[in-house]
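Right, one structure below, let's go through it.
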Amino acid sequence: MNFSSSKRATLFLVLILSGFLSCEKDETVVEEEVQQTFDRKLMLDNIYDNVAVPAYETFLDRAKNLLMAAEAFSENPNAMSLLDVQEQWKSAKFAWEQVEFYDFGEINSLFLQNKIDKYPFNLGNVEDNLESGDTLDQGFVNNSGSTTKGLPVLEYLLFHGADNTAILENYTSGPLALSYRNYVVGLASDLVVQTEQLIQILNYGREAWVSDIGQGVGTSLNQLANNQVAVIEETIIIKVLRTLGLDKFATADPIRVDTPYAKVSYEVLKNSLISIQNSVTEASSQVNLYGLLNFLQQGQDELLAPKIETAIEKAMEALDNTSTTFYDDITSNPSELETLANLLSDILVLVKVDMANQLGLTIVFNITDGD
Amino acid sequence: MQKGSDRLSKWSDLLFQKVDPLPLSLFRITFGILLFISQVRFLAEGWVESLYLEPTYHFTYPGFHWVRPLPGIWMYSLVIGTAALAVFIALGLFYRIAIIGFFLSFTYLELIDKSWYLNHYYFVSLIAFLLVFLPANQSMSIDSLPLKQSDSRIARWSILCIQCQVATVYFFAGIAKIKYDWLILAQPMDIWLNARTHIPVIGSLFSFDVTPYIFSWAGMIYDLTIPFFLFWRRTRFLAFFAVVVFHVLTHILFNIGMFPWIMIGSALIFFDRLDWKKIFPGIQDVSSSFLLKPKRWIQIPLAGYFALQFFLPLRHHLFEGNVLENEKGFRFAWHVMVMEKNGHVEYQLTDEVTGKTWSRYPSEELTLGQEKQMSFQRDMLIQYGKHLKKEYYQQTGNECSITAKNWTALNGRPSKITVYSAKDFN
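Chains as they are written, first to last, in numbering that gives the first Met the number 0: chain A, 0 to 370; chain B, 0 to 425.
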């Protein structure tokens, strides 16, 4: 047979193409079982529209409720209105834990989340503000630094004191009662203003975020994974180990706990875990991070998604079984907290090591600049 | 015996044949331009700040612990200066000073921190080192303008050693791919291609089971054979076409910065005047002849240099275990894109005086990039542990013992834990 070069090239191409077609994942027999593609754009759409935006909106609603309660409390400070504003603060704080993750685009680059929850706050400056005689309204708060506003400062104002009677005195008969009342309203009002801005920025950046389906540094999936890792790692290092005195120079110090005055750190942690769960399981469809992992691991025995789910469930279970507060456990039951840190560490490894490896995520520049 | 000696002498004579400097001159120009772009890109991306100035700790190389970043403005000046030197190299102006300065400054920049080791940066340093000794400004340079020289020809070895250096990169990158993961599991290609099914036109092909195998095997065969096809005149143009296709594809798929362009530019060293005449028939011929007084001693350092270039990529065979796991002998060995690896480290420190024990996470001090790299590279993990010990001693006057738990996931496998004992950090 005497083929010309062009015929040989054509035959070669036909063979290559038929090779591709014949190797299509086990052909029609298992077509229903094997997924050929995964719509990453749809996954990012889902995470943005069904998880991130609703999380911010929920927080905005809670912040507005907090503002209303703060105004009511400021006008008529009594035991009932104090309890109400305290409950609204907790509710807002829990909602915030589910927002923290979605630190996208300009929200991240301009450190805008710090205006809501910068941990820890600057106690000295807050006390200076109270004593300054300035009008502590939203305008004042808006111009203040991140360490003298947001949820942590509100927590201090609303919860610090031997009991609620003592706290109430700060707002009624204390020498700085007016400043306290104004500051609480100013801070709550600023939370609403800042959150509205965050949502505006979030909506503005939507198209860029959901369209960024690449693998490189700063791409959406990378950002999400990095944020997950950062939140879990920060929780372990700062909120658990450092509090327990399990870092360089510290001894156990309950005041370092995430919510030292409201004493709801377990609940806060639980909401953080719910947030991780939501970001990967996005409930309205299978086109989520779990779906992507399952797609990538088709045919493998050991699937990662259920492992992450189990690890989160275990940590949640441990949180459900706590009988006292995190604050009290630091001194009375530190081993329980160490167990909790280990459970969080298990999640961290699965997300930071196993998930990142499966997704082929690039976290740093030098991978993208060669190898 | 006599025959063998004659053959060797013939090869030796060939090295000292006077040849047209065109390939080396074109290579010098391309190298200068690409490295200028690379340094400008470095500045534009803000890497001077994030890589040199921001980190408070640097992973220095053994024997180079004295290499430290300069204070802010000097670091910027150095990178700008390196970019300027690259321009001088391209122009062939004050060439010898420029290439020596470039080699020193570029290599200094790379020696500051192990965590941003890149094969192509290493390649650039090697090429710059070789160029220090080569007459790459003999033609097509400002330096050569006033000479009005009758004979600008250079010894063949000057071109051959750059060709061999380029060939070494490809060949050993191919050898590094002859691994179970790469060829039998098609990893990490499977992970990478599956993550890129969204790429227009070609992306849909990546979801086929066979595609990662085609890419893996083709990549290995390409790396092993391309230098020979570039050396061979009959296949040179086709091989260069393959070089362009291969590296453009890697650029599209993996967004690996300057690497593809540097390798495409480097392949030009294989093209001599005869080849260029096929494209530009007007080019004048330059004849070859033998040098009258060949400096034959040059063969000794050249042989030593290339012996080292052959040894380094293979040295990992001297160590036990899988080089992809333990990374012993991984650097300076052209292990180019052979694995997807992620890790996490937790250190446990115990004050030997007070008995107090606490945990330490590298992310508390290191940048994201440093932490990512050290979390799966054993030598960096140990280096950082020793740093923590030393730092604690300096701060408290107390000795501490240190252990570490290290989780790593390689090429899609579930993560494995390695425990480092106190003696690993002694």
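From the three backbone atoms N, C-alpha and C, an ideal C-beta is built for every residue, glycine too. In this text, all values refer to a predicted model and were calculated from it rather than measured experimentally.
Buried/exposed call for residue i, threshold 16 Cβ in 10 Å
i	result
residue 64 of chain B	exposed
residue 79 of chain A	exposed
residue 271 of chain A	buried
residue 425 of chain B	exposed
residue 178 of chain A	buried
residue 228 of chain A	buried
residue 443 of chain B	Coverage of chain B is limited to positions 0 through 425, which leaves residue 443 of chain B absent and any answer about it impossible.
residue 234 of chain A	buried
residue 279 of chain B	exposed
residue 62 of chain B	exposed
residue 310 of chain B	exposed
Three-way DSSP call (helix, strand, coil) for residue i in this model
i	result
residue 292 of chain B	coil
residue 30 of chain A	Because residue 30 of chain A carries a pLDDT of 41, less than 50, the predicted location of this residue cannot be relied on, and the following value inherits that uncertainty. Coil, per DSSP.
residue 343 of chain A	helix
residue 289 of chain A	helix
residue 409 of chain B	strand
residue 325 of chain B	helix
residue 299 of chain A	coil
residue 357 of chain B	strand
residue 418 of chain B	strand
residue 342 of chain B	strand
residue 98 of chain A	coil
residue 14 of chain B	helix
residue 140 of chain B	coil
residue 357 of chain A	helix
residue 402 of chain B	strand
residue 423 of chain B	helix
residue 116 of chain A	coil
residue 212 of chain A	coil
residue 196 of chain B	coil
residue 261 of chain A	coil
residue 323 of chain A	coil
Same chain, Cβ closer than 8 Å to residue i, five either side skipped, listed in chain order
i	result
residue 338 of chain A	317
residue 253 of chain B	191 and 336
residue 421 of chain B	400, 401 and 402
residue 350 of chain A	224, 227, 228, 231, 275 and 307
Presumed contact (8 Å Cβ cut-off) between residue i and residue j, rounded CB distance
i	j	result
residue 125 of chain A	residue 152 of chain A	6 Å
residue 169 of chain A	residue 161 of chain A	In fact, because the Cβ distance is near 11 Å, the residues do not count as touching under 8 Å.
residue 375 of chain B	residue 340 of chain B	5 Å
residue 126 of chain B	residue 51 of chain B	Not a contact, Cβ separation roughly 23 Å.
residue 262 of chain B	residue 285 of chain B	Not really, about 27 Å apart at Cβ, beyond 8 Å.
residue 135 of chain B	residue 24 of chain B	6 Å
residue 387 of chain B	residue 348 of chain B	6 Å
residue 172 of chain B	residue 226 of chain B	Contact doesn't hold; Cβ gap of about 10 Å is too wide.
residue 51 of chain A	residue 187 of chain A	Not really, about 23 Å apart at Cβ, beyond 8 Å.
residue 269 of chain B	residue 230 of chain B	7 Å
residue 75 of chain B	residue 330 of chain B	Residue 75 of chain B to residue 330 of chain B, Cβ: 27 Å. No contact.
residue 81 of chain A	residue 167 of chain A	6 Å
residue 383 of chain B	residue 361 of chain B	6 Å
residue 296 of chain A	residue 357 of chain A	7 Å
residue 345 of chain A	residue 304 of chain A	Not quite, the Cβ-Cβ distance comes to about 15 Å (not below 8 Å), so this is no contact.
residue 42 of chain A	residue 287 of chain A	6 Å
residue 260 of chain B	residue 342 of chain B	Their Cβ separation, rounded to whole angstroms, is 30 Å, which puts residue 260 of chain B and residue 342 of chain B out of contact at 8 Å.
7 Å CB neighbourhood of residue i in its chain, flanking five on each side removed
i	result
residue 119 of chain A	151
residue 313 of chain A	342
residue 326 of chain A	253, 256, 259, 262 and 264
residue 69 of chain B	77
residue 269 of chain A	315 and 318
Own chain, CB closer than 6 Å to residue i, minus 5 neighbours either side, in chain order
i	result
residue 153 of chain B	20, 134 and 137
residue 204 of chain B	210
residue 314 of chain B	328
Contact test: residue i Cβ vs the ligand NAP heavy atom, cutoff 6 Å
i	result
residue 89 of chain A	Questions concerning the ligand NAP fall outside what the structure shown contains, since it holds no ligand whatsoever.
>> Residues of the region 348-360 of chain A in Cβ contact with chain B at a cutoff of 7 Å, in chain order, please.
In response: 348, 351, 352, 353, 355, 356, 357, 358 and 359
> What residues in the region 175-199 of chain B have a beta carbon less than 8 Å from any beta carbon of chain A?
Replying inline: 187, 190, 191, 193, 194, 195, 196 and 197
> When Cβ atoms are compared, which residues of the region 298-312 of chain A fall closer than 7 Å to chain B?
Replying inline: 301
> What residues in the region 175-188 of chain A have a beta carbon less than 8 Å from any beta carbon of chain B?
Replying inline: none
> Looking at chain A, which residues of the region 341-353 of chain B have a Cβ within less than 9 Å of any of its Cβ atoms?
Replying inline: The region 341-353 of chain B vs chain A, Cβ under 9 Å: 341, 342, 343, 345 and 348.
> Taking Cβ-Cβ distances below 9 Å as the criterion, which residues of the region 411-422 of chain B are in contact with chain A?
Replying inline: So the close ones are 411, 412, 413, 414 and 416.
> Of the residues that make up the region 35-50 of chain A, which ones have a beta carbon closer than 9 Å to any beta carbon in chain B?
Replying inline: 35, 36, 37, 38, 39 and 40
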